[in-house]
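Okay, structure first, notes after.
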Amino acid sequence: MADPPLNAPALFDLSGRVALVTGAGSGIGQRIAIGLAQCGADVACLDRREDGGLAETAGQIAAAGRRALTLTADVTDKAALVSAVARTEADLGALSIAVNCAGIANANPAEEMDEDQYQTLMDINMKGVFLSCQAEANAMLRHGRGAIVNIASMSGVIVNRGLMQVHYNASKAGVIHMTKSMAMEWVERGIRVNSISPGYTATPMNTRPEMVHQTREFERQTPMQRMASVDEMVGPAIFLLSDAASYCTGVDLLVDGGFCCW
Ligand code: NAD
């Protein structure tokens, strides 16, 4: 029997999908949220920031002709995530795609790092991704369909030369393996779970005071000789969330300008 006709552009169409994006008030999460809307999704935008980032994201989603919902919550708070998913479904419809982008970074030599600095970062970057996936998947499993993308980092694969951030690197390695583990738990129930591991990307995270002087070094170390723009994370997210990636689960997609080849 002949294959049905191929419609390749439709593979990337997110019309009718309802998305939840954490960390949507800034940087990579903000651009991904806007990109999903431009591909047809209605988007719930979650962040702990209350300084206008979410309003900017929602404004751009509305400008793309899609519905936006803004949610202020902390990803370390399980109850807040469960109610964020419930609010999303009540306002926008059944949750079908999610991007977990909320995260922090900071640095300190391992021998000097106090327990609070270690634990706070682990709680947000690793437990926060776990709790987000859990809340999202509980809705998606009820619908028998869904796709989740977790934003990890190339720091989960390599150790960044010159950056003393043992907790950050460990948290991102944890996100990559947690993603594969959840992908396998839900593989027979219609849920795909993948991660994106960005290389050095120009966002507020990388312009924090202790890192400004390192930007040139990041560029020098990257085979493409530049940092990524936030927009360069949008296409990979659309791909992994869309039907174009219907046979991809448990994948960690490195988007690093070639960094991990060297
Ligand atoms: P960013 O600081 O611009 O955005 C992160 C967002 O997450 C912020 O809006 C922040 O308010 C939110 N957030 C932080 N903690 C939260 C919490 N507990 N609850 C809810 N929201 C919270 O940073 P970014 O560079 O866009 O980073 C986004 C993700 O990409 C992070 O997970 C980061 O580790 C990852 N990443 C970034 C780079 C890079 O070079 N910028 C590289 C690799 C991976």
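Per this note's numbering, the sequence shown starts with residue 786, numbered consecutively.
All C-beta atoms, glycine included, are put in the ideal place defined by N, C-alpha and C.
Mind checking which residues open and close the alpha helix (DSSP H) that includes residue i?
i            : result
residue 1021 : 1019-1026
residue 956  : 951-971
residue 842  : 838-848
residue 901  : 900-907
residue 830  : First-last for residue 830: 827-832, but that is the beta strand (DSSP E), not the alpha helix (DSSP H).
residue 914  : 913-928
residue 877  : 863-877
Please determine, among the options, the residue with the shortest C-alpha to C-alpha distance to residue i.
i            : options              : result
residue 947  : 897, 999, 898, 984   : 999
residue 894  : 881, 1036, 1006, 949 : 949
residue 916  : 925, 861, 843        : 861
residue 1043 : 1028, 1029, 1012     : 1012
residue 798  : 1047, 1036, 1026     : 1026
residue 942  : 970, 810, 1040, 908  : 1040
residue 955  : 1002, 926, 903       : 903
residue 952  : 896, 967, 968        : 896
Output the boundary residues of the beta strand (DSSP E) element that contains residue i.
i           : result
residue 940 : Unbroken run through residue 940: none, as it is neither H nor E.
residue 979 : 976-983
residue 856 : 853-857
residue 885 : 882-885
residue 807 : 803-807
Is the closest heavy atom of ligand 1 to the C-beta of residue i under 7 angstroms?
i            : result
residue 1016 : no
residue 989  : yes
residue 833  : yes
residue 934  : no
residue 867  : no
residue 889  : yes
residue 918  : no
residue 983  : yes
residue 886  : yes
residue 838  : yes
residue 861  : yes
residue 825  : no
Give a yes or no on whether 8 angstroms exceeds the smallest Cβ distance from residue i to chain C.
i           : result
residue 799 : Looking at the structure shown, chain C is missing, and only one protein chain is on hand.
> Do three or more CB pairs link the region 955-964 to the region 1014-1022 at distances below 8 angstroms?
Replying inline: no
> Does the region 865-872 come close enough to the region 884-902 to have 3 or more Cβ pairs within less than 8 angstroms?
Replying inline: no
> Contact between the region 804-816 and the region 828-835: three or more CB pairs below 8 angstroms?
Replying inline: yes
> Is it a yes or a no for the region 923-935 touching the region 973-981, going by three-plus beta-carbon pairs under 8 angstroms?
Replying inline: yes
>> Assess contact between the region 838-848 and the region 808-820, defined as three or more Cβ pairs (one per stretch) separated by less than 8 angstroms. Is contact present?
In response: yes
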